[in-house]
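Each remark here refers to the structure printed beneath this line.
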Amino acid sequence: MSALEISDGVQAAGTESAFAPAIAVFHCRWCEPDSQKVLVMMPPDVAERSIIRRLNCSARMEAEFAIKALGAGFDGVVVIGCEMGECHYRVGNEQAARRLSVLAGILALAGIYPQRLGLFWESAFDEVTTRRSIEEYVEALRDIGPFKDPH
Amino acid sequence: MNYKTIQSTCPYCGCGCGIYLEVIDGHLVGTMPVLNHPISKGSLCIKGWAAHEFVESEDRLRRPLWKRGANLEPTDWDSALYSVADRLTAIKQQYGPDSIGFLSSAKCTNEENYVLMKFARAVVGTNNIDHCARLCHSPTVAGLARAFGSGAMTNSVPELEEADCILITGSNTTENHPMIASRIVAARDRGAYIIVIDPRRIHLANHADLFLQPRLGTDVAWINGMMNIIISEGWHDRDFIRDRTENFAEMRQTVASYTPERVQEISGIEPHLLRHAAAMYASSARSSLVYTMGITEHTTGTDNVLSLANLAMLCGQVGKPGSGINPLRGQNNVQGACDMGALPDVLTGYQRVDDPEAISKFARAWGANLPREPGITVTDMIDAAADGELKALYIMGENPMLSDPDINHVKEALSNLELLVVQDIFMNQTTELAHVVFPAQSYAEKAGTVTSTDRRVQRVRKAIEGVGEALTDWEIFSRLAKIMGAKGFSYETPIEIFEEIRSLTPSYAGITYFRLDSEDLQWPCPTEDHPGTRYLHEGVFTRGKGAFTAVEWKPPVEVPDEDYPFFLTTGRVHFHYHTGTMTRRSPTLNREMAGAAADINPTDATDLGIKDRDMMKVSSRRGEVKIRARLTDSVPSGTIFIPFNFRESAANMLTISARDPIAKIPEFKVCAVKVEKAVSRR
Amino acid sequence: MQEEVEDTREQQARRIARELIASGGMDGILGLLEIRDHQVPHLFTEVDELEGLDVSGRYPIAAIAERLLRKFETGRIGVIARGCDERHLIELEKKKSVDMSRLKLIGLACTIEEARECHCVRPYPREVQIGRSVGNVDYLDHEALSKLINMDIAERRRFWTDIFDRCIKCYGCRNVCPLCNCEDCRLEEARWVRVGEIPPEYPSFHLIRAFHMADKCVGCFACERACPMGIPVGKLHQLIKEDLKSVYGYQAGRDVEEKSPLLLAPGVETKGKGGRG
Numbered sequence: 002m003s004a005l006e007i008s009d010g011v012q013a014a015g016t017e018s019a020f021a022p023a024i025a026v027f028h029c030r031w032c033e034p035d036s037q038k039v040l041v042m043m044p045p046d047v048a049e050r051s052i053i054r055r056l057n058c059s060a061r062m063e064a065e066f067a068i069k070a071l072g073a074g075f076d077g078v079v080v081i082g083c084e085m086g087e088c089h090y091r092v093g094n095e096q097a098a099r100r101l102s103v104l105a106g107i108l109a110l111a112g113i114y115p116q117r118l119g120l121f122w123e124s125a126f127d128e129v130t131t132r133r134s135i136e137e138y139v140e141a142l143r144d145i146g147p148f149k150d151p152h
Numbered sequence: 065m066n067y068k069t070i071q072s073t074c075p076y077c078g079c080g081c082g083i084y085l086e087v088i089d090g091h092l093v094g095t096m097p098v099l100n101h102p103i104s105k106g107s108l109c110i111k112g113w114a115a116h117e118f119v120e121s122e123d124r125l126r127r128p129l130w131k132r133g134a135n136l137e138p139t140d141w142d143s144a145l146y147s148v149a150d151r152l153t154a155i156k157q158q159y160g161p162d163s164i165g166f167l168s169s170a171k172c173t174n175e176e177n178y179v180l181m182k183f184a185r186a187v188v189g190t191n192n193i194d195h196c197a198r199l200c201h202s203p204t205v206a207g208l209a210r211a212f213g214s215g216a217m218t219n220s221v222p223e224l225e226e227a228d229c230i231l232i233t234g235s236n237t238t239e240n241h242p243m244i245a246s247r248i249v250a251a252r253d254r255g256a257y258i259i260v261i262d263p264r265r266i267h268l269a270n271h272a273d274l275f276l277q278p279r280l281g282t283d284v285a286w287i288n289g290m291m292n293i294i295i296s297e298g299w300h301d302r303d304f305i306r307d308r309t310e311n312f313a314e315m316r317q318t319v320a321s322y323t324p325e326r327v328q329e330i331s332g333i334e335p336h337l338l339r340h341a342a343a344m345y346a347s348s349a350r351s352s353l354v355y356t357m358g359i360t361e362h363t364t365g366t367d368n369v370l371s372l373a374n375l376a377m378l379c380g381q382v383g384k385p386g387s388g389i390n391p392l393r394g395q396n397n398v399q400g401a402c403d404m405g406a407l408p409d410v411l412t413g414y415q416r417v418d419d420p421e422a423i424s425k426f427a428r429a430w431g432a433n434l435p436r437e438p439g440i441t442v443t444d445m446i447d448a449a450a451d452g453e454l455k456a457l458y459i460m461g462e463n464p465m466l467s468d469p470d471i472n473h474v475k476e477a478l479s480n481l482e483l484l485v486v487q488d489i490f491m492n493q494t495t496e497l498a499h500v501v502f503p504a505q506s507y508a509e510k511a512g513t514v515t516s517t518d519r520r521v522q523r524v525r526k527a528i529e530g531v532g533e534a535l536t537d538w539e540i541f542s543r544l545a546k547i548m549g550a551k552g553f554s555y556e557t558p559i560e561i562f563e564e565i566r567s568l569t570p571s572y573a574g575i576t577y578f579r580l581d582s583e584d585l586q587w588p589c590p591t592e593d594h595p596g597t598r599y600l601h602e603g604v605f606t607r608g609k610g611a612f613t614a615v616e617w618k619p620p621v622e623v624p625d626e627d628y629p630f631f632l633t634t635g636r637v638h639f640h641y642h643t644g645t646m647t648r649r650s651p652t653l654n655r656e657m658a659g660a661a662a663d664i665n666p667t668d669a670t671d672l673g674i675k676d677r678d679m680m681k682v683s684s685r686r687g688e689v690k691i692r693a694r695l696t697d698s699v700p701s702g703t704i705f706i707p708f709n710f711r712e713s714a715a716n717m718l719t720i721s722a723r724d725p726i727a728k729i730p731e732f733k734v735c736a737v738k739v740e741k742a743v744s745r746r
Numbered sequence: 003m004q005e006e007v008e009d010t011r012e013q014q015a016r017r018i019a020r021e022l023i024a025s026g027g028m029d030g031i032l033g034l035l036e037i038r039d040h041q042v043p044h045l046f047t048e049v050d051e052l053e054g055l056d057v058s059g060r061y062p063i064a065a066i067a068e069r070l071l072r073k074f075e076t077g078r079i080g081v082i083a084r085g086c087d088e089r090h091l092i093e094l095e096k097k098k099s100v101d102m103s104r105l106k107l108i109g110l111a112c113t114i115e116e117a118r119e120c121h122c123v124r125p126y127p128r129e130v131q132i133g134r135s136v137g138n139v140d141y142l143d144h145e146a147l148s149k150l151i152n153m154d155i156a157e158r159r160r161f162w163t164d165i166f167d168r169c170i171k172c173y174g175c176r177n178v179c180p181l182c183n184c185e186d187c188r189l190e191e192a193r194w195v196r197v198g199e200i201p202p203e204y205p206s207f208h209l210i211r212a213f214h215m216a217d218k219c220v221g222c223f224a225c226e227r228a229c230p231m232g233i234p235v236g237k238l239h240q241l242i243k244e245d246l247k248s249v250y251g252y253q254a255g256r257d258v259e260e261k262s263p264l265l266l267a268p269g270v271e272t273k274g275k276g277g278r279g
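Protein chains in written order, with this note's numbering: chain L, 2 to 152; chain V, 65 to 746; chain E, 3 to 279.
Shown next as structure tokens:
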């Protein structure tokens, strides 16, 4: 499995007030080929606990990646793909969006905040918008708290 | 096109789940649960779902083998049978019948166990018959027989749902008796209190209301402690004690010294938790005790069982539904093997060999003189073989080279025999040492009955033809008996054997194959219109009054010291069954767990520089094993857990063969080891 | 006055099966055989076996039909199918796992009691030859489902975390499901679900399956009946089905032409967002 290597030993989060979520980020190579660029968009305390994986298309994002990531110690999963209508493979991003929307519904029914799933459809890498989207997402995730069993 | 399903009973554990074997073109293609089955209620555990996978394996023994030089070579049935008959006869003549021993199989049917013990007693003339119950529930049989007059599970599995409180100790129920754990969680859903008392934080502990974690080998102490609290608080059932028991005063005096503080010193259990457990158990209308190897596999195994019997009687929790003492038997037919008298001191139905009336009855029925002195146990047989006193051992469906303690000693013993005959379905570490190996049929190739842990007699039915030239075990003994000139072995069908069994066994007398086709029967079932017995000791114990026994706590024989600073405890894993002869040939189960891992506490691992999945070397005064580490806080610091199912990291290389003096069970659960990170050879 | 006594469902079933076997066009009829108070799937090939044919039990018979069609390259079988069995077969047909032209469905309608036991909304197949349809049914057992629906997200989290923790990885839920027929099941792959653990890895084991079943589950509840630890998996699938129905109007098992929403339908709003929070 080339695009994903998740270790089950993600480090502990730290105190409640300074909770630094660990995020598994999957980004499409067409809107942003450079993983490093995506990584630095995250606050440093989050970046150091996160992983970035590049996909050929957001359609390559499987529900399993997100589910496994949550179980492996990540608190959130981000998918960055091309804006609708701009997919290099025509409708790959629509496929992903549909799939992840269904997944979000399932997470909610199982009691997992669907907001842990951050889906960003950005036009040929608009750094400013993406950075803002990620910051908002991270702040929301800090409020929600760690994924690992609260009790 | 063809498709059929045959209803049978799962060959793995003592739950006794119903299964359908699916057959297409004469081959097993799968299993299915039985929807309205009293035990399994339409479910199966992963082993039950995979119960067909090993049956037609390429590895199955298909032809008889005999030793030529250093190797086992195939031969025909007659040659093999005659050679065994000749050797047995010669050894019997030269050294006497008691130089020969028999190990029966808790996996084989009742009919097969009966025929083996009839062969041993009537043809060879020895009572040296035993089986693996010695290594698991012999203290149950000894202890409960002494306390109640009967060594069997007092209540039934379905009744657990009627309990208001279930105390589970020394039983990793979800992993080893899943369908019984199913009832426990159902009871909890109905509001019952669940108390788990175990030196390891087992899976069930996370679904209990109360979890107590005593040190290994301290069970008599905490049980006495609970009774101490119950008596001080006046929570005991005075009426029951007065009317239905004896010897209370002596027991009461002994428990007086087991104050909560003293119990904490011995076991580590905090007084307030002990009180909680005592209160829950004593104050519930129906309280049930459930236990397995954590109670029995100690040098104080019988004492531990007697203590649990004391506790149950103290609170009047015997002889009514949803209560009682419930030892969960391990093998699919270990209860049956015991019931059939595959034991050195009893015939079927626990009729003693040294009871003149009983032995005469059998002697008349079988037309043979029968030995009247009890024989020796499996652990004693191994010692006797090592000493050269036992010359021949005939083993049916058992693998002592992996399941007995102190494997080096077992190997030495078996290698010393003049004749070792093994009858099994696969080659294993024991068959490798044999002079003659007979290929036997599996549960799917034969018909018969098996008895599950709650005394439930059920059918196994033939689904496919025997593989290769394998014969059913009773057929093999019958042929051998005929060659040796014995009468009374001309059975054509297992029904004939069962009819003979029930004619000699009051508790089975009312059970017939016909009834088993449509009824659910638990012994005692004395007559054909008797509905069977759900729970025992109603109104009166089998021995009349229940007997309290004053029991003092004694420590295990070998505890950690400077040289061997860790506790070793052994046990099982969910995905494999015992020595793995069947499960390690099942792809579904192997996929889950291909090899062994030892559980070690993360703190200990860090101190030793061991990471998860690193190889460790674990050694005891008996031997050493290399095994992968699994870091988990289910074991407390200072304790290692090793499952015994894996031959390449055989836990029993390390275990001590010290035994309970009454039941002769080895202390599998406690010994001392040292642990190091394994040095890589590269 | 003459009173017409209606045949029981068993009698109707046996009559139809007898006709089909006698006519010689079928290799067998797949139904339930009553033996020793239990009911087990059986391929009836002879008329004399039909005395044991029973219809009051419930077994996911579509799985066996599928397996038989796969194992035997030619031949046709009749299948006594309840509403759920038919829905299973329709979904299997969508996956191209069964060739419906090799099956002849003998429709069996459920009684109202049977419908209630399964919380089944549509306890009848398209064509009913055995029994009489009771029509569409409201969920008469709202209680268990309502309890789940009315929990807030934190309660749901606690509920499912606790109950999934009982799981002993028997795979019973998967094994009884006729729609779970993948040669290589993802749940068995160590990279998605760590092997050899009790309870199995959370949330991977249960939620990967829930996701896979989202557009396939037809609501037969065989999974829940097969679970030894009392985990209400069927209810989770039921809630997910309701979600797909309300958002996409999709119902599994209704029509072989009805495409799953997971197979993209372009033009529908695709902004990623969560469900209920």
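From the three backbone atoms N, C-alpha and C, an ideal C-beta is built for every residue, glycine too.
Residue state for V:Asn-191 is assigned as coil, using DSSP reduced to three classes. Here the C-alpha atom of L:Ala-48 lies approximately 29 Å from the C-alpha atom of E:Glu-191. Distance from the CA atom of L:Lys-69 to the CA atom of E:Cys-172, rounded to whole angstroms, is 20 Å.
Proximity of the segment 399–413 of chain V to the segment 367–382 of chain V falls short of the contact definition, fewer than three beta-carbon pairs being nearer than 8 Å.
For V:Met-460, the enclosing beta strand (DSSP E) starts and ends at 456–460. Against chain V, the beta carbon of E:Leu-70 has neighbours under 7 Å at Met-65, Tyr-67, listed in chain order. Looking from the CA of L:Ile-81, the closest CA among L:Ala-19, L:Ala-64, L:Ser-134 belongs to L:Ser-134.
For the segment 212–228 of chain E, residues whose beta-carbon sits nearer than 7 Å to a beta-carbon of chain L comprise Ala-212, Phe-213, Ala-216. Contact check for E:Leu-181 against E:Lys-218 passes: the beta carbons are separated by less than 8 Å.
Think of a sphere of 8 Å around the beta carbon of V:Gly-106: the chain E residues whose beta carbon falls inside it are Arg-227, Ala-228, in chain order. When Cβ-Cβ separations below 8 Å define contact, V:Gln-71 makes contact with chain E. When the beta-carbon positions are compared, V:Thr-634 and V:Lys-733 come within less than 8 Å of each other. Three or more beta-carbon pairs separated by less than 8 Å are not found between the segment 235–246 of chain E and the segment 82–99 of chain E, which leaves the two stretches without contact.
When secondary structure is reduced to three states using DSSP, E:Gly-59 falls in the coil class, being assigned neither helix nor strand. Where V:Ser-371 is concerned, the enclosing alpha helix (DSSP H) starts and stops at 365–378.
Rounded to the nearest angstrom, the Cβ distance from E:Leu-34 to E:His-44 is 7 Å, consistent with a contact under 8 Å.
Residue ranges of uninterrupted beta strand (DSSP E) with 3 or more members, entirely inside the segment 236–314 of chain V and ordered along the chain, are 257–261, 274–276.
Judged by DSSP in its simplified three-state form, V:Tyr-178 adopts helix. For V:Thr-597, the three-state secondary structure derived from DSSP is coil. Those residues of the segment 230–242 of chain E placed with their C-beta closer than 8 Å to a C-beta in chain V are Pro-230, Met-231, Gly-232, ordered along the chain. Rounded to the nearest angstrom, the gap between the Cα atoms of L:Ala-25 and L:Lys-149 is 15 Å. With fewer than 16 other Cβ atoms from the protein chains shown falling within 10 Å of its own Cβ, V:Arg-254 counts as exposed. It is roughly 29 Å from the alpha-carbon of V:Glu-509 to the alpha-carbon of V:Asn-192. Collapsing the DSSP output to three states places V:Ser-321 in coil.
Taking CB atoms only, V:Leu-99 has a neighbour in chain E less than 8 Å away.
The DSSP-derived three-state label of V:Met-344 is helix.
For E:Ile-200, the C-beta contacts it makes with chain V under 8 Å involve Thr-238, Glu-239, His-267, His-638, in order along the chain.
A straight-line Cα-Cα distance of about 7 Å links V:Met-680 and V:Val-739. Cβ neighbours of V:Asp-593 within its own chain (closer than 8 Å, five residues either side excluded): Gly-574.
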